[in-house]
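K.L.:
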Ligand code: CMC
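Written as structure tokens, this is what we have:
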């Protein structure tokens, strides 16, 4: 072969041709290029032309939408929001600035940020009748159960912003969700410990206000520690959006039916709850507590590798990242800062986590499968040091991700090619047969 001849690659090809073996039927499938990342094959006409569907359980190779919000290069460990690297946003930005960026596509001017902050902070209180809904929950309810219920219940209270076809109502719903979710989250915690609800303070930043509502009690003053507020700001930024993950896809799928945004975000919260997704931060801490000591690590690593065991190293592995999750690196650094600020010289869980990471990263099983620590591996240790109970970890993830969910939902509603999400299947059940009356069944 001539070395200088141009070689078509996946990056330059504009279509693929697919042929049904044993027939003369074939079709050309156009490739849609992204601004970065792989092109996608547009198979919308495949069934119409060749009478076949594609099969992709878990959607590992399927793009379900066009999006301009978040880009991930899983092989290189890159995460960009609207083109900006997560490292730069975590270092320099505030959570509400990132929220504006995700929703509007550009970093705000000072005037735009001031207006956005005003709009969010003036929706932080929840309806007093909604407050009473808390009392219907058992005191020992998991706060994610409370979150799912309370956010879903918002659709029963804010009738004036349920029309998804009205851009102004969509905007008000977005403000309400971003503003009220921290209040609901903090109150879910207060309810579980039997303390009075703390009303939000609009003079505080988003992260400060959340810490204030979680920790303040009416009988004494509470001052937010600025280092912890900065750590919380960073944790919120790191969780703000992550492309078409399970909960975001749930929000889009629910929203594709025309369901109202409060119902869609409640569906997202339910999806986030699972230990393979947002519930992993809680599961990591439980796992570290169960491992208990560095000397027990090899036993747990062996268990994670055993195909007969269901046990997995929580906080390890990712559907998209086949490299170190860039969020995990920032989390690890933040973890150190928080422990230093709180003068925690010796945190056995951190020592255990670091040793576990070291052993796993050198183990053939994890190396071959490219299993690296993900965002949840260190976040639990930080949150625990900050005095946040384990059951609240996934709730914090939900607070931050609400911004991503609402941005993705808004993008979907505004996309003219949007239609109801409706996957197909390979049917493997019985073929058509006649009903058998009871007396005739064997
Ligand atoms: N421990 C041990 N083995 C693992 C792990 C793990 N944490 N993760 C994946 N594997 C193995 C898996 O058994 C499989 O091995 P084999 O090829 O021999 O069957 C291989 O790696 C590929 O795994 P997979 O299940 O096909 O990968 P996936 O993309 O479907 O799953 C995941 C991704 C995140 C669900 C999975 O890695 C996992 O369960 N991790 C632990 C839970 C966790 O930390 N989740 C948080 C994800 S990051 C935050 C978020 O997005 O919510």
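Residue numbers (our numbering): 265 to 706.
Every residue gets a Cβ at the ideal spot worked out from N, C-alpha and C, and that includes glycine.
1. Under the rule that 16 or more other beta-carbon atoms within 10 Å means buried, what is residue 268, buried or exposed?
2. Which value, in whole angstroms, describes the spacing of the CA atoms of residue 525 and residue 367?
3. Quick one: any contact between the region 462-471 and the region 617-636, if contact means 3 or more CB pairs under 8 Å?
4. Identify the residues that DSSP records as bridge partners of residue 580: which are they?
5. Of all the options 290, 280, 285, which has the alpha carbon lying nearest to the alpha carbon of residue 303?
6. Scan the region 333-373 and note each continuous alpha helix (DSSP H) run of 4 residues or more that stays entirely inside, going in chain order.
7. Taking just the CA atoms, how far does residue 661 sit from residue 503?
8. When you compare each of 595, 537, 619 to residue 659 by their alpha carbons, which one comes out closest?
9. From what residue to what residue does the beta strand (DSSP E) around residue 431 run?
10. Is it the case that the CB of residue 578 approaches a heavy atom of ligand 1 more closely than 6 Å?
11. Could you give the first and the last residue of the continuous alpha helix (DSSP H) run that contains residue 294?
12. Let me know the secondary structure DSSP gives residue 305 once reduced to three states.
13. Among residues of its own chain, excluding the 5 on either side of residue 522, which ones have a beta-carbon nearer than 7 Å to its beta-carbon?
14. Take the Cβ of residue 284 as the centre, count every other Cβ of all protein chains shown within 10 Å, and call the residue buried at 16 or more, exposed below.
15. Given residue 638, which residues of its chain have a CB within under 8 Å of its CB, disregarding the five upstream and five downstream residues?
16. Express the C-alpha separation of residue 553 and residue 577 in angstroms, rounding to a whole number.
17. Skipping 5 residues on each side, what residues in its chain have a beta carbon closer than 6 Å to that of residue 343?
18. Which runs of the alpha helix (DSSP H) at least 4 residues long sit entirely within the region 479-517? Give them in chain order.
19. Is residue 587 near ligand 1, judged by its Cβ being under 6 Å from some heavy atom?
20. Can you tell me the Cβ-Cβ gap for residue 338 and residue 587, rounded? I've got them flagged as a contact below 8 Å.
21. For residue 615, which residues from the same chain have a beta carbon less than 8 Å from its beta carbon, with the 5 sequence-adjacent residues on both sides left out?
22. Quick one, which of 655, 687, 688 has its alpha-carbon nearest residue 455's?
23. What are the boundary residues of the beta strand (DSSP E) that includes residue 281?
24. Would DSSP call residue 270 helix, strand or coil?
P.N.:
Walking through what the data contain:
1. Translated into positions along the chain shown, residue 268 becomes position 4. Note on residue 268: pLDDT 48, under 50, position unreliable in the model; no value is reported.
2. Along the chain shown, read from residue 1 onward, the residue named residue 525 stands at position 261. Along the chain shown, read from residue 1 onward, the residue named residue 367 stands at position 103. Between residue 525 and residue 367, the C-alpha separation is close to 14 Å.
3. Contact check between the region 462-471 and the region 617-636: fewer than three CB pairs, one atom from each, fall below 8 Å, which does not count as touching.
4. Position 316 of the chain shown, counting from 1, holds the residue named residue 580. For residue 580, which the question treats as bridged, DSSP gives the partners 637.
5. Walking along the chain shown from the start, residue 303 turns up at place 39. Minimum Cα distance to residue 303 is reached at 280.
6. The qualifying runs are 350-356, 359-368.
7. Locating residue 503 in the chain shown gives position 239, where the first residue counts as 1. Locating residue 661 in the chain shown gives position 397, where the first residue counts as 1. C-alpha separation (whole angstroms): 6 Å.
8. Against the chain shown, residue 659 aligns to sequence position 395. Put simply, of 595, 537, 619 the residue whose alpha carbon is nearest the alpha carbon of residue 659 is 537.
9. Sequence index remark: in the chain shown, residue 431 carries index 167 (1-based). Counting along the chain, residue 431 falls outside any beta strand (DSSP E), though it belongs to the alpha helix (DSSP H) covering 431-457.
10. Here residue 578 is taken as the residue at index 314 of the chain shown, counted from 1. Yes, since a heavy atom of ligand 1 falls inside the 6 Å radius drawn around the Cβ of residue 578.
11. Translated into positions along the chain shown, residue 294 becomes position 30. Looking at the DSSP string, residue 294 is not in any alpha helix (DSSP H); the run it does join, the beta strand (DSSP E), is 290-296.
12. Mapped onto the chain shown, residue 305 falls at position 41. Reduced to three states, the DSSP call for residue 305 is strand.
13. Counting from 1 along the chain shown, the entry for residue 522 is found at position 258. The beta carbon of residue 522 sits closer than 7 Å to the beta carbons of 428 from its chain, once the five residues preceding and following it are set aside; these are given in chain order.
14. Within the chain shown, residue 284 is the residue found at index 20, counting from 1. With fewer than 16 Cβ atoms within 10 Å of its Cβ, residue 284 is classed as exposed.
15. Position 374 of the chain shown, counting from 1, holds the residue named residue 638. For residue 638, the CB contacts under 8 Å within the same chain, skipping 5 residues up- and downstream, are 544, 579, 580, 581, 582, 585, 589, 591, 592 in chain order.
16. For this step, residue 577 is matched to residue 313 along the chain shown. For this step, residue 553 is matched to residue 289 along the chain shown. If you draw a straight line from the Cα of residue 577 to the Cα of residue 553, it comes to about 13 Å.
17. Locating residue 343 in the chain shown gives position 79, counting from the first residue. Around residue 343: 336, 350, 590.
18. Whole alpha helix (DSSP H) segments, 4+ residues: 490-502.
19. Position 323 of the chain shown, counted from the first residue, corresponds to residue 587. Using a cutoff of 6 Å, the CB of residue 587 does not count as near ligand 1, since none of the ligand's heavy atoms is closer than that.
20. By 1-based counting over the chain shown, the position of residue 338 is 74. By 1-based counting over the chain shown, the position of residue 587 is 323. 7 Å between Cβ atoms; contact.
21. Within the chain shown, the letter at position 351 stands for residue 615. In the same chain as residue 615, and ignoring 5 residues on each side of it, the C-beta atoms closer than 8 Å to its own belong to 558, in chain order.
22. Looking up residue 455 in the chain shown gives position 191. It is 655.
23. To locate residue 281, count along the chain shown from 1; it is residue 17. Membership of residue 281 in the beta strand (DSSP E) is indicated by the continuous run 279-283.
24. The residue given as residue 270 occupies position 6 in the chain shown. Only weak support is given to the placement of residue 270: the predicted model assigns it a pLDDT of 49, under 50, and the question is left unresolved by the model.
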